[in-house]
Amino acid sequence: MKNRLLKAVFLGLALSVHSISVQAQSVDNKKMEWFKNAKLGIFIHWGIYSVNGISESWSFYNNYINHDNYMKQLNGFSASGYQPDQWVNLIKESGAKYAVITTKHHDGVSLWNSGAENAITVPKNTVAKKDVLTPFISSLKKSGLKTGLYFSLPDWSHPYYDNNTRTKKRYEIKNDPKRWQSFISYYQTQLNELSSQYSPDLLWFDGDWEHTSEEWKASQTLDLLKKYNSDIIINSRLNNHGDYDTPEQGIPVIAPQNPYWELCYTMNDSWGYQPYDKAYKTPNMIVRTLADVISMGGNLLLDIGPKSDGTIPEEQIEILKNLGRWTSKNSHAIYETTRGIPFENYKGKSSLSSSKKSLFLYLEEAKNFTKIYGLATKPLSAKIVGDPSAVVTIDHNANKTLTLHFPNVKFDKDVTVVELTFDTPPLFLKDFKAEEYSIPEISENKNTQEAVYNIANMLYNGNNLLTSSGLTSDGLDMKIRKTSKTNPETLQWISKHAEALFETEKGLPNGHYSGMSALSKDKQTLYLFVEGTPTGPIALKGIKNGIARIRVAGEGTMLSHTIYNKLYWSDRPGIIYIDIPKEKLDKQMTVIAVLLDKPLELYREKVGAIENNL
3 MKNRLLKAVF LGLALSVHSI SVQAQSVDNK KMEWFKNAKL GIFIHWGIYS VNGISESWSF
63 YNNYINHDNY MKQLNGFSAS GYQPDQWVNL IKESGAKYAV ITTKHHDGVS LWNSGAENAI
123 TVPKNTVAKK DVLTPFISSL KKSGLKTGLY FSLPDWSHPY YDNNTRTKKR YEIKNDPKRW
183 QSFISYYQTQ LNELSSQYSP DLLWFDGDWE HTSEEWKASQ TLDLLKKYNS DIIINSRLNN
243 HGDYDTPEQG IPVIAPQNPY WELCYTMNDS WGYQPYDKAY KTPNMIVRTL ADVISMGGNL
303 LLDIGPKSDG TIPEEQIEIL KNLGRWTSKN SHAIYETTRG IPFENYKGKS SLSSSKKSLF
363 LYLEEAKNFT KIYGLATKPL SAKIVGDPSA VVTIDHNANK TLTLHFPNVK FDKDVTVVEL
423 TFDTPPLFLK DFKAEEYSIP EISENKNTQE AVYNIANMLY NGNNLLTSSG LTSDGLDMKI
483 RKTSKTNPET LQWISKHAEA LFETEKGLPN GHYSGMSALS KDKQTLYLFV EGTPTGPIAL
543 KGIKNGIARI RVAGEGTMLS HTIYNKLYWS DRPGIIYIDI PKEKLDKQMT VIAVLLDKPL
603 ELYREKVGAI ENNL
């Protein structure tokens, strides 16, 4: 009897704990709802570092400039052209649903009138002589956008903080715990001010890597914030106390496991305003980056860096306005979506509506058709989002392959969105039978583009149809069997692109390239199959190798490439963008040959915060 009673008590406790856990999870999910649905936020790095256009805080920390000369920028920060309402209007026009502004970077300069001990502030210590944070937050709240505040945990200028520069330390915490506690009181006082004055929806911490969670008193800090807002959302940089992941600069190759994540990303190579940094990504690249992030179920936090007078550089305005053009046209396919379908089912970017009854395909090129494999549910309809006059036709065969044809579509200059609607959430098969064709079936297909697509798809699936077919390495003297029905255009394409088909193997796994690819036998040449007419340069992610040369296969034209977001001190590769001149595109399918410096090496690790800025 006693044992039964004990079992009942333990069972009751277990059920109670489970119930509390489920309730807590439900509360967390509820508070994260707006964040998950937002998809786009704007990051603002604004501080005295915009005066001379040097790296925010890191420039003195790394001794590129001494601390005294860095702080002289206080005398040049005027905010004379600052119009916070214009900022907010531009942010709203971009399609962003929230903004995150640097209230204080690692240099310790606060944008608001902080009363914390020894605080350096814009109202008290700069020529601006005014609180520049309050009017922006006020305008932001009036607009209906969510409020995010960036806050640096380290303060390299504060006398109570242990570190001053990379080579200069004020003291060891273990030797002076009282002084460290004074710093904790200082930064928590500032968080109290920000919480009580601005009621933020989100706190974006940075710099937590400098100390342990215990040293930061992270749990205590979180409790403090929750007193003001029990639903406060915290990013992942409060030493294991955050709600969502923040990969920085590098677009993930593989979607993060955390259902809540946000890529913080610069438009050029700098966070704050730097007049000589002209390495801006194009508006096209930024829209495609947003589509990439949406397809993986995340948010894009895109950075702007205003000038010291408070005006925003023209290049940044152009990018925001083009984003607004695309987000307003495709809002239905952006907000409240979830991550898309597996790459094996669709060789491109996609997402699903929250009800799962709409599938969105993001096309980065103008083309005649596309295919979805292993789709067990036939769609009710297909249309182009934002263009009611466009015609999309559907062919769903017995092998569960859906072919979408675009006979009358005016493709978007950046990304065209196709919406498939269903009665019930569609079923995508995992172990579907890959499409296979014989040589005669391929060569006798009157639709050359489809025949070529099928060759590339079979090759991607690890089935090189042309092995032992009579294909030669240079495409000359081929012994591929012909019949009276053979389509000569298909054979011409095979002959022209023989190097990409002769003894080549399956190419890149999911995430590295938004299309089909193959790899040479020695694994040193990557072949990218490019459909239709791309809207911009094609993109490669997560390639560790150096690039020896890139050319158009079958005709030899050398192509240049640009790498963005490659940090010289990090092993994380940047994004390789390859521009293909329109006159060099093959009307059936273009093949780009990328010669690597050694056999292919891929980066598929988790992309996290950058804890260094040399």
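Numbering of the sequence shown is given in my numbering, commencing with residue 3 and proceeding in unit increments. In this text, a Cβ means the ideal position worked out from N, Cα and C, and glycines have one as well.
Where the beta strand (DSSP E) through residue i begins and ends
{"i": "ALA384", "result": "383-386"}
{"i": "ALA101", "result": "100-106"}
{"i": "PHE185", "result": "Segment 179-200 is the alpha helix (DSSP H) holding PHE185; no beta strand (DSSP E) there."}
{"i": "TRP206", "result": "204-208"}
{"i": "PRO409", "result": "404-410"}
{"i": "TYR566", "result": "563-566"}
{"i": "LYS148", "result": "148-154"}
{"i": "PHE62", "result": "Unbroken run through PHE62 is the alpha helix (DSSP H), 60-63; no beta strand (DSSP E)."}
{"i": "GLY342", "result": "That residue, GLY342, is in no beta strand (DSSP E); it is neither H nor E in DSSP."}
{"i": "PHE45", "result": "42-46"}
Sub-8 Å separation of residue i and residue j beta-carbons
{"i": "GLY300", "j": "ARG574", "result": "no"}
{"i": "PHE207", "j": "ASN231", "result": "no"}
{"i": "GLY312", "j": "ALA98", "result": "no"}
{"i": "LEU193", "j": "THR223", "result": "yes"}
{"i": "VAL419", "j": "ALA335", "result": "yes"}
{"i": "LEU302", "j": "LEU363", "result": "no"}
{"i": "ILE50", "j": "VAL111", "result": "yes"}
{"i": "SER96", "j": "LEU292", "result": "no"}
{"i": "THR506", "j": "LEU542", "result": "no"}
{"i": "ALA500", "j": "LEU473", "result": "yes"}
{"i": "VAL134", "j": "TYR84", "result": "yes"}
{"i": "HIS514", "j": "VAL255", "result": "yes"}
{"i": "TRP158", "j": "SER59", "result": "yes"}
{"i": "PHE45", "j": "ASP305", "result": "yes"}
{"i": "TYR275", "j": "GLY55", "result": "yes"}
{"i": "ALA101", "j": "LEU142", "result": "yes"}
{"i": "ILE549", "j": "VAL593", "result": "no"}
{"i": "ASN115", "j": "THR104", "result": "no"}
{"i": "GLY534", "j": "SER519", "result": "no"}
{"i": "PHE79", "j": "SER272", "result": "no"}
{"i": "SER297", "j": "SER353", "result": "yes"}
{"i": "ALA453", "j": "THR485", "result": "no"}
{"i": "TYR66", "j": "ARG168", "result": "no"}
{"i": "ASP581", "j": "PRO539", "result": "yes"}
{"i": "MET591", "j": "ALA458", "result": "yes"}
{"i": "THR405", "j": "PHE371", "result": "yes"}
{"i": "THR149", "j": "ASP203", "result": "yes"}
{"i": "PRO156", "j": "TYR163", "result": "yes"}
Residue i - containing alpha helix (DSSP H), residue span
{"i": "VAL124", "result": "124-127"}
{"i": "ARG172", "result": "From DSSP, ARG172 is part of no alpha helix (DSSP H); its letter is neither H nor E."}
{"i": "SER355", "result": "Unbroken run through SER355 is the beta strand (DSSP E), 351-355; no alpha helix (DSSP H)."}
{"i": "GLY326", "result": "316-331"}
{"i": "THR136", "result": "135-145"}
{"i": "ALA550", "result": "Careful: ALA550 lies outside any alpha helix (DSSP H), inside the beta strand (DSSP E) at 549-554."}
{"i": "ILE93", "result": "86-96"}
{"i": "TYR66", "result": "No alpha helix (DSSP H) contains TYR66, which DSSP labels as neither H nor E."}
{"i": "ASN54", "result": "51-54"}
{"i": "GLU217", "result": "215-218"}
Paired residues, beta bridge with residue i - DSSP
{"i": "GLU367", "result": "PRO536"}
{"i": "THR395", "result": "HIS407"}
{"i": "LEU265", "result": "LEU302"}
{"i": "ALA541", "result": "TYR579"}
{"i": "MET34", "result": "According to DSSP, MET34 bridges with nothing at all."}
{"i": "PHE362", "result": "SER353, GLU421"}
{"i": "THR372", "result": "LEU406"}
{"i": "LEU377", "result": "PHE430"}
{"i": "MET560", "result": "ARG553"}
Contact belief for residue i with residue j at Cβ below 8 Å, rounded distance in angstroms
{"i": "GLN190", "j": "LEU226", "result": "6 Å"}
{"i": "LEU377", "j": "LYS402", "result": "6 Å"}
{"i": "THR423", "j": "LEU365", "result": "About 17 Å; that fails the 8 Å criterion."}
{"i": "ASN241", "j": "ASP210", "result": "5 Å"}
{"i": "ILE314", "j": "LEU92", "result": "7 Å"}
{"i": "LEU76", "j": "THR128", "result": "5 Å"}
{"i": "SER145", "j": "LYS94", "result": "5 Å"}
{"i": "GLY517", "j": "LEU530", "result": "7 Å"}
{"i": "LYS283", "j": "MET269", "result": "6 Å"}
Contact with chain B by residue i, beta-carbon distance below 8 Å
{"i": "MET591", "result": "In the structure shown, chain B cannot be found, because there is only a single protein chain."}
Alpha helix (DSSP H) runs contained entirely in the stretch 418-459, provided each spans 4 or more residues: As far as the stretch 418-459 is concerned, its whole alpha helix (DSSP H) runs of at least 4 residues are 441-445.
Those runs of the alpha helix (DSSP H) which lie wholly inside the stretch 569-616 and span at least 4 residues: Counting whole runs of 4 or more residues, the stretch 569-616 contains no alpha helix (DSSP H) stretch at all.
Uninterrupted beta strand (DSSP E) stretches inside the stretch 454-531 (no shorter than 3 residues): Those beta strand (DSSP E) runs which fall completely within the stretch 454-531 and span 3+ residues are 519-521.
Every unbroken beta strand (DSSP E) within the stretch 228-294, with a cutoff of 3 residues, ordered by chain: Counting only runs of 3 or more, we get 264-267.
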